[in-house]
Each structure stands twice: as structure tokens, then as C-alpha cells.
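Under the numbering used here, the first residue of the sequence shown carries the number 2, and numbering increases by one thereafter.
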Amino acid sequence: MRVLILGGTTEAVACAERIGRDPRFHVILSLAGRTRNPRQQEGIAHRVGGFGGVDGLAAYLAEAKIDAVLDATHPFAAQMSANAESATRSLGTPLCTLVRPRWVAEAGDRWIGAATIEAAADALGAEPRRVFLAVGRQGVGAFRRAEQHAYIIRAIEQPDADALPPITTLVQAQGPFALQDEIALLTSERIDVVVSKNAGGAATYAKIEAARMLSLPVIMIERPNIAGQNFVESAAEAVAWLGRLHDSSRSERSV
2 MRVLILGGTT EAVACAERIG RDPRFHVILS LAGRTRNPRQ QEGIAHRVGG FGGVDGLAAY
62 LAEAKIDAVL DATHPFAAQM SANAESATRS LGTPLCTLVR PRWVAEAGDR WIGAATIEAA
122 ADALGAEPRR VFLAVGRQGV GAFRRAEQHA YIIRAIEQPD ADALPPITTL VQAQGPFALQ
182 DEIALLTSER IDVVVSKNAG GAATYAKIEA ARMLSLPVIM IERPNIAGQN FVESAAEAVA
242 WLGRLHDSSR SERSV
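Written out as C-alpha cells, the structure is:
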């Protein structure tokens, strides 16, 4: 069974490694190309770059004779998930969407909900504050509308210079991050407020724990609605779904 994994997350890596060891499957891991030097798995076929919208993805699925698609993109990659749902539905190709569970506020958390990244920028208020911004390099441009604040921006790769707010310190780093390191960073940079997407998962949760321990407010950007046909929450569940699909299709062929 030829399986296309739409990647870009730790869960996609885990799925590719697990499925790639299973002789029932041939895996192709697709990366959007937003990271200049993406991590690649040895022994797994890769493709890098966009598909060209719904029609381009549908054409690729047909040309590559893909039997199933696993959407393991970021929870905020709503457009890619929508394209995957439309393309697979048009071809009758089975689709499974892996969405890691949301973070949930705990006792001591001071969360302020924001429906969009622009709403998060507005929620910072008029008074200048020192802001720890961890929303990915493509989201930082929204905060130019709140240029009175001083931003400590953490991203895997450097954002475009014209997207940065005027008062910016850039920290290039990739998770996972340790709790004590996050506490030290927030303390040394005299952070007043943290801005984060509700990405879920363990790799970047330490900043939320650190904010709780330091009693800092967190402006939490809510997830967009994700399109899909079948939903799972872990790599293990995704592999199990593929296994059932494989066995079902094999049974149908033998009838």
C-alpha cells in the first residue's frame, strides 16, 4: 500500500519511522519546505515543496498511485488539511488526520484566549510590555500592528526582516525545551507576557509550565477548525488505522 504522509511535525516523523519498517507499506513523506534544512529519515522516500493547491495535490495522488493519505501537518496548517480533504475526497482516497490533543489550562494558569493571531496582538494592550513570542516565523508579521512592545521572538529559522516588529530580539532554537531553561529565559529577559499557539504536544509545552510557575499571563491562540475524514491523536492510532485499511482492502481483493 502506497502511503503519502503530509509532514512537518514530530508525529509525522514518528509515523514515517514506524510505517517505514512495516513491509505492508511504501511510505512517501512530504514536507512543505518552509524549513530550509528539514530533518529527513533514512530509508524513507521524501518530497519537498507545495503541491499547487487542491488540483495539484489530486494530480500528484493519481500520478504517484497513492492508496492512502495521512495528514500529520501542524494543527495550525488548516489550509493544507482542507486541500488534503478536498483532493482525497475527489479521488475516493482514504484520508486520516492526526491532530495532537490541545493543551488544557490547569490551576495557576493565566490564559487569555485569542481567536486569531491578529487578536493576540491586539490583546497585548496599549501599554508597552516585554513579550515572549513563540508563534512560528510566519506569524510574527501580525505583531507589527503592536509596535510599542519589545518582543523576544523564538523561531527555528530567522523570519523575514520586513516582518519583524521594530523592537525585536531573535532567539533561533528548535524544541524540545527544558522547563528550567524556559524559566531562565523568561526571567533573564524580564518577560511580562507570553504569546503562544495552542499547538499541543510535549516539545514546546515547557514555556507554558514556566509561565505558570512565574505567574505570567499567556495569550493563547485558539486552533482553527481542521477538515478531515478520520481523526486520530497519536502516531500509534494512525498506524493502527492504516493497518485496518490495508487488511480491509486485502480482504476485498480476495473475495
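Positions of the beta carbon are idealized from the N, C-alpha and C atoms, including for glycine.
Hey, quick one: how far does the beta strand (DSSP E) through residue i stretch, first residue to last?
| i | result |
| --- | --- |
| R19 | Unbroken run through R19 is the alpha helix (DSSP H), T11 to G21; no beta strand (DSSP E). |
| G51 | Segment: none, G51 is in no beta strand (DSSP E) and carries neither H nor E. |
| R3 | R3 to L7 |
Could you give the residue range of the alpha helix (DSSP H) that holds residue i?
| i | result |
| --- | --- |
| I209 | A207 to M214 |
| I29 | Where I29 is concerned, there is no enclosing alpha helix (DSSP H), although the beta strand (DSSP E) it sits in stretches over H27 to L32. |
| A121 | I118 to A124 |
Rounded to whole angstroms, what is the Cα-Cα separation between residue i and residue j?
| i | j | result |
| --- | --- | --- |
| V233 | P218 | 31 Å |
| Q149 | A236 | 42 Å |
| G142 | L58 | 28 Å |
| Q159 | A115 | 25 Å |
| V28 | G21 | 6 Å |
| E190 | T89 | 46 Å |
| V256 | S87 | Unreliable positioning characterises V256 in this predicted model, as indicated by a pLDDT of 47, which lies under 50. A coordinate reading is not provided. |
| P129 | A185 | 22 Å |
| F52 | S91 | 16 Å |
Let's test the definition: count the other Cβ atoms within 10 Å of the Cβ of residue i and tell me whether it reaches 16, buried, or not, exposed.
| i | result |
| --- | --- |
| L96 | buried |
| N226 | exposed |
| D72 | buried |
| S216 | exposed |
| K66 | exposed |
| V195 | buried |
| I6 | buried |
| A279 | In the structure as shown, the chain begins at 2 and stops at 256. Residue 279 is therefore absent and cannot be evaluated. |
| A239 | buried |
| E12 | buried |
Can you check which of these residues, the options, is closest to residue i by C-alpha distance?
| i | options | result |
| --- | --- | --- |
| A241 | F26, T89 and Q149 | F26 |
| K208 | R224, N231, D182 and Q149 | D182 |
| T10 | R213, A83, A200 and G140 | A200 |
| A179 | T205, G8 and T89 | T205 |
| R213 | N231, T188 and Q230 | T188 |
| V136 | Q149, A13 and R224 | R224 |
| P166 | F144, G114 and D248 | F144 |
| A121 | T94, E64, A106 and I222 | I222 |
| F118 | V4, Q139 and G109 | Per the sequence presented here, residue 118 reads as Ile, with Phe not at that position. When only C-alpha atoms are compared, the closest one is Q139. |
| V99 | S250, L125, Q173 and N231 | A small correction: the amino acid at residue 99 is Leu; Val does not occupy that position in the sequence shown. Ranking S250, L125, Q173 and N231 by Cα distance to L99 puts N231 first. |
| G176 | F77, A203, H247 and C16 | A203 |
| A106 | A85, I220, R131 and A239 | I220 |
| C16 | P24, V55 and L30 | L30 |
| D68 | M2, V172, V14 and A46 | M2 |
| R146 | R155, A162, A127 and V70 | A127 |
Can you give, in chain order, each stretch of the alpha helix (DSSP H) that sits fully within the segment 157-244 and has at least 4 residues?
At a cut-off of 4 residues, the continuous stretches assigned as alpha helix (DSSP H) that sit fully inside the segment 157-244 are 180-189 and 207-214.
Taking only runs that begin and end inside the segment 67-111, name each unbroken beta strand (DSSP E) of 3 or more residues, in chain order.
If we require 3 residues or more, the beta strand (DSSP E) runs fully inside the segment 67-111 come out as 69-72 and 96-99.
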